[in-house]
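This report refers to the structure that appears directly beneath it.
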Amino acid sequence: MVGKKARNLREIPKGYLAVYVGNDMQRFVIPAIYLSFPDFNVLMESVAEEFGYEQEGGLKFPCEEEEFQEILLRCFEKHRSMKKKKSAKRK
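Numbering of the sequence shown is given in the UniProt record's numbering, commencing with residue 1 and proceeding in unit increments.
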């Protein structure tokens, strides 16, 4: 489900959130932890610049869908790497 367009509001599992991307406001359901990653920090700054800190409705990202998908891929790789390191420490 990571980075996939969600079909309805009921498809948001615990630990995820819906965000809207681009001029067409394409909806994506992403892991909430991604918001703490540097790539998303940059996006959040652009959100604040374009929309301000008080938005109605869902979180909107003012970037193209392709750019957002590239950011999602980098975050996915980082998250996977973090999980592997955490798992290796337990052994």
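Beta carbons: idealized from backbone N, C-alpha and C, even for Gly.
Three-state class that DSSP yields for residue i in the structure shown
| i | result |
| --- | --- |
| Tyr53 | coil |
| Lys89 | helix |
| Phe37 | coil |
| Ile30 | strand |
| Lys78 | helix |
| Lys14 | coil |
Residue i versus residue j: straight-line alpha-carbon distance, rounded
| i | j | result |
| --- | --- | --- |
| Met1 | Gly15 | Caution applies to Met1, whose pLDDT of 48 falls short of 50 and renders its modelled position unreliable; the value that the coordinates give is listed next. Whole-angstrom Cα-Cα distance: 12 Å. |
| Glu70 | Arg90 | 31 Å |
Short Cβ contact (8 Å threshold) for residue i with residue j
| i | j | result |
| --- | --- | --- |
| Cys75 | Tyr34 | yes |
| Glu50 | Gly22 | no |
| Phe61 | Val47 | yes |
Is it the case that the region 80-87 contacts the region 55-72, given that we only count it when at least three CB pairs across the two stretches are under 8 Å?
No, because fewer than three Cβ pairs between the region 55-72 and the region 80-87 fall closer than 8 Å, the two stretches do not touch.
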